[in-house]
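The next block holds one structure in the form of structure tokens; read it before the comments.
Residue numbers (our numbering): 211 to 1364.
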């Protein structure tokens, strides 16, 4: 049947090309039209594969070159050509739709469909050029300027031909633009279908640089602007939006050239388009027009370098092997704009998909090989000292930890604290203190299993709060608050004044310096002690005095002298979960128009630098009527603050030390604010092309006054948040790249809760190195040394002179008997690391949950300690964390790309972490699981990345047979378990592909070189969850800590599933689970049965409702015009006898004069 169908189609196509009989040609065209109108696009693709494009084009040329062209043949032929060129592959997009509307999911789908469609016959325009169909179509169009129906069909064909940039350039050479400009000018409301089609063809032609340059030279920019203004002023009913949109697309493509932008600016184009859109921003019917106007204005906004003295970090650190960078070059547009003559046909497959597939490792030898150690075996012996549990005597194990910590230093330690989202948010909070929202239901401190048995801990939103509402709404702007006993306390500022304290100084105390006023405490410790006396607080595993002691020993590049109050005072999770911020429709557009107004209406622009790390002296007067900024403290990052308007500030964050990149993390102090006034902050030098800030994420804020009122809490804060590409660029000479770097703006508004407060703003919940060292000391003191083996030691010294801690946690042997000691020494290892990327502070909060759970009295924790030895490196990049880096070490390099061949003097933490793993492998004690905790800026939820040979080859569609490959599939077991246990975890986001670009990461190196099949990276979103019990909620520190505890529970269930699990452990687990059969079935089901319950796959974030970029090749522009063209062709095919009488007027013939 298929062969008959094939032969029949081929006969029709051959007959069409060879026949000169008019009726036969019309019959074949009718048959082909009916064939392609019904069914799917597979028929069109099939016809293309059999030479259908060439047959139709050749017939067009032959018919057009006759003495008297027959339009009864030409018109259906044009329709078929447009249909074949338009719909080469994929489902028909939007037949019957008059416009493509952008929806959360639709835009992404339409983009894919368009790319697929174009991929099949991307040489259609080239075929038309070679067969001389371009010339005859242009000739026919010129002959039919007064014959609307004929001209319309010619324009449809030209629109499809012009989809190829190369063909469009040739059409421009042959005078197509002059022809089209005649059609669309002067302004008239006659023949609007023709004008609309002509503007769409002209817009397609102008995607060619040579055509755009020709348009500039011939003065078309002024004409197009004037024509658009005519249509805008006369089209009061918005009937001809598509014509206005087509004219704007023409201007947009011209503005892709520097000469085009210059002509546009000279013609007052910025002012013209800006003023015409101000009164119609809320008119949804004009959405297609306003979106293009905005792209043009953003594109033509003069490019400029960042307002910084250098692209490099404000901090420099001399390290071995570092290269001194040259001073930055002055930025000019030539650095990042291509105005060349070369035409590039962009009809290629999806670059994103192609790049992703190309990055997959398909070399089976590399995937299966196990390289030897990267150092001599004798060098591994140094790590014996880090595994004393394997060799020391029982008396050594029984010895108590050092007594350098007093009882007072650990009075806040909670020996029974289990980090779950429910318990953490309730802990130590009375109902009177919960002024932000409803207190969660108290279920008491029970086993972590109880939380899971309840079906994942229930989540309560703040009572009566809408998403995005100020969590401080109940705080009184006067400063009056409620203390822990429920009684009013005096104004905080008055209280500080009475005690002769300065809230600015107190909110960021010096580590050792004294206050000049003799009535004030002279030592910072005295200040804190007095504050603690007047404002007692109880935060688990935190002690301000101990923190201060640790901070004094922390070494920073800038030699920080101050401490951030939140890190010193401590953080208590808020009592209620915070929902993701609901994005206000059109908010990005409003913000961008405000940015453009700076250029066009600068009368209210202050443009005053109020803070800068590049200046050797303070820039702010305390009496100044502006906000005061500060960031010279541990993990702080703010390089410069510029007051733009009275309540608006541009902020620039610092690049990583010894680097020019990775500008994303921020953490700074701000003071001098007014309450109930929205302040706009613009972080203008972000680098990532998208952010969770576009999808419900908010920055975090900590108020000093709120903390002193008994609410020491980092909360999500901010409204009117969006993230978009701005006009700042950096030259290629600075970045070392082929083209200049683009920057993005994160803009958000904050309404502060108190007048003259001191607040801290951060990208995410900060977690400093000093906080970690404080936490470890208190944890060590909190355990019972007769039951818990907790050893804190130094893995190595960092380049900055700080110690990298290594923690060992297990249970002490039951007794001194040889059997119990042997069981102690034979316990398998679990290795967990975190915070290799400093900006991923969420990884530290997950690690905090893991550490606290492992030393707790929870029965699951006891089982874990009794059956495993945990080796934990909680912070792989202390220097980066201390100095406010986002991704790098002091050498300016990503340490998670150094695992292949680290060097002791350049990457000491990675070198020794790898050495420790090599040592465990060399003695036959490779870890059961290796996991590196990370944070993720682009996705929601928590998920794992692992390694699989077969999945990688399958995804890459490798021709190498995988049937003979043997692979341990247990790498999927742990993520399946976590998917069932942890509210925040989702299996659907997990991936087990091995990419070439990740070959030097911890996950891949430990898998490949140490043979650890369960080697993972665990990613936690900066934002929150879009599935499960936490769906629609942002992560707080409680949820992150809970994930750390759930990870530990997952390790226990993993062991219970394993074949090697001991009968003793199974018995203990059964007892722990109350021997309930259904519970055991729930937790101990086999992997094969659990796979059926995997959650449905979650897509990545949909396309943003508003354009983040202002690309000159927006697929949505093409999709809209192509879908509309498709609709017009279909309508014309069904109504081909009716003509255009309602538009064109009576008496118009269908035959042109020869």
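Yeah, the Cβ is synthetic: ideal placement off N, Cα and C, and Gly gets one too. Keep in mind that this is a model prediction, so the values were computed, not measured.
Could you compute how far the alpha carbon of residue 1127 sits from the alpha carbon of residue 807?
Residue 1127 and residue 807: Cα-Cα distance of roughly 57 Å.
Which term fits residue 762, buried or exposed, when burial requires 16 or more other beta carbons within 10 angstroms of its beta carbon?
It is exposed - the Cβ of residue 762 has fewer than 16 other Cβ atoms within 10 Å.
Mind checking residue 515: buried by the 16 CB within 10 Å criterion, or exposed?
Under this definition residue 515 is a buried residue.
Please say whether residue 841 and residue 877 have beta carbons closer to each other than 9 Å?
Yes; because the gap between Cβ atoms is below 9 Å, this pair is in contact.
DSSP three-state label for residue 1048, please.
Reduced to three states, the DSSP call for residue 1048 is coil.
Could you give the distance in angstroms between the alpha-carbon of residue 1256 and the alpha-carbon of residue 883?
Approximately 41 Å, taken between the alpha carbons.
Using 9 Å as the threshold, is the C-beta distance between residue 1218 and residue 580 below it?
For residue 1218 and residue 580, yes; Cβs fall inside 9 Å.
Give a yes or no on whether the C-beta atoms belonging to residue 170 and residue 859 are separated by under 9 Å.
In the structure displayed, the chain extends from 211 to 1364; residue 170 sits before or after that span and is not available.
Counting only the same chain and skipping the five closest in sequence on each side, list residues whose C-beta sits under 6 Å from that of residue 426.
So the list reads 469, 470, 473, once near-sequence residues are dropped.
Are the beta-carbon atoms belonging to residue 524 and residue 864 less than 9 Å from one another?
Yes, the Cβ-Cβ distance between residue 524 and residue 864 is below 9 Å.
Is there at least one non-hydrogen atom of the ligand GTP closer than 8 Å to the beta-carbon of residue 1022?
You won't find the ligand GTP in this model; it holds no ligand whatsoever.
What are the boundary residues of the beta strand (DSSP E) that residue 838 is part of?
It spans 838-840 - the beta strand (DSSP E) in which residue 838 sits, taken as one unbroken run.
Buried or exposed: which applies to residue 438, given that a residue is buried once 16 or more other Cβ atoms fall within 10 Å of its Cβ?
That one is buried.
Specify, as a first and last residue, the run of the beta strand (DSSP E) that residue 814 falls within.
Unbroken run through residue 814: none, as it is neither H nor E.
How would you label residue 429, buried or exposed, when you count the other beta carbons within 10 angstroms and need 16 or more for buried?
Residue 429 should be labelled exposed.
Are the region 751-765 and the region 982-994 touching by the rule of at least three beta carbon pairs closer than 8 Å?
Contact holds: three or more Cβ-Cβ distances are below 8 Å.
Could you pull the DSSP bridge partners for residue 514 from this structure?
In the DSSP output, where bridge partners are listed per residue, residue 514 has 938.
My output table needs one value for residue 769: the three-state DSSP class, helix, strand or coil.
Reduced to three states, the DSSP call for residue 769 is coil.
What is the rounded straight-line gap between the Cα of residue 915 and the Cα of residue 974?
So the two alpha carbons sit approximately 20 Å from each other.
If the criterion is Cβ atoms closer than 9 Å, does the pair residue 757 and residue 773 meet it?
Yes. Within cutoff.
Could you tell me the alpha carbon to alpha carbon distance between residue 491 and residue 500, rounded to whole angstroms?
Straight-line Cα distance between these residues: approximately 7 Å.
Candidates 1148, 1108, 360: which alpha carbon is nearest residue 906's?
Cα-wise, what sits closest to residue 906 is 1148.
Alpha carbon to alpha carbon, how far is residue 1077 from residue 530?
So the alpha carbons of these two residues sit roughly 42 Å apart.
Tell whether a beta-carbon distance below 9 Å holds between residue 1203 and residue 1158.
Taking 9 Å as the Cβ cut-off, residue 1203 and residue 1158 qualify as a contacting pair.
Flag this pair as yes or no: are the beta carbons of residue 1318 and residue 366 separated by less than 9 Å?
It is not a contact, given that the beta carbons lie outside the stated cut-off.
Are the CB atoms of residue 1080 and residue 1039 within a distance shorter than 9 Å?
Taking 9 Å as the Cβ cut-off, residue 1039 and residue 1080 qualify as a contacting pair.
In terms of DSSP beta bridges, what is residue 926 paired with?
DSSP, once it has assigned bridges, lists 910 as partnering residue 926.
Helix, strand or coil, according to DSSP, for residue 1182 in the structure here?
Residue 1182 falls in the helix class under three-state DSSP.
Relative to the C-alpha of residue 927, which residue among 804, 962, 939, 952 is closest?
For the residues 804, 962, 939, 952, the minimum Cα distance to residue 927 belongs to 962.
What separation, rounded to the nearest whole angstrom, lies between the Cα atoms of residue 218 and residue 227?
Distance between the alpha carbons of residue 218 and residue 227: 15 Å.
Could you tell me whether the region 370-384 touches the region 340-350, using the rule of 3 or more Cβ pairs below 8 Å?
Short answer: they touch.
In the DSSP assignment, what residue or residues form a beta bridge with residue 391?
Partner(s): none; residue 391 has no beta bridge.
Would you kindly report the start and end of the unbroken beta strand (DSSP E) that includes residue 1020?
That run of the beta strand (DSSP E) goes 1013-1021.
Extract the residue ranges of the alpha helix (DSSP H) inside the region 381-439, only unbroken runs of 4 or more that lie entirely within it.
If we require 4 residues or more, the alpha helix (DSSP H) runs fully inside the region 381-439 come out as 386-394, 402-415, 419-427.
Can you tell me which of the three DSSP states residue 226 falls into?
In the structure shown, residue 226 sits in a helix (DSSP, three-state: H, G or I).
Where do the ends of the alpha helix (DSSP H) carrying residue 263 lie?
Here the alpha helix (DSSP H) through residue 263 covers 262-274.
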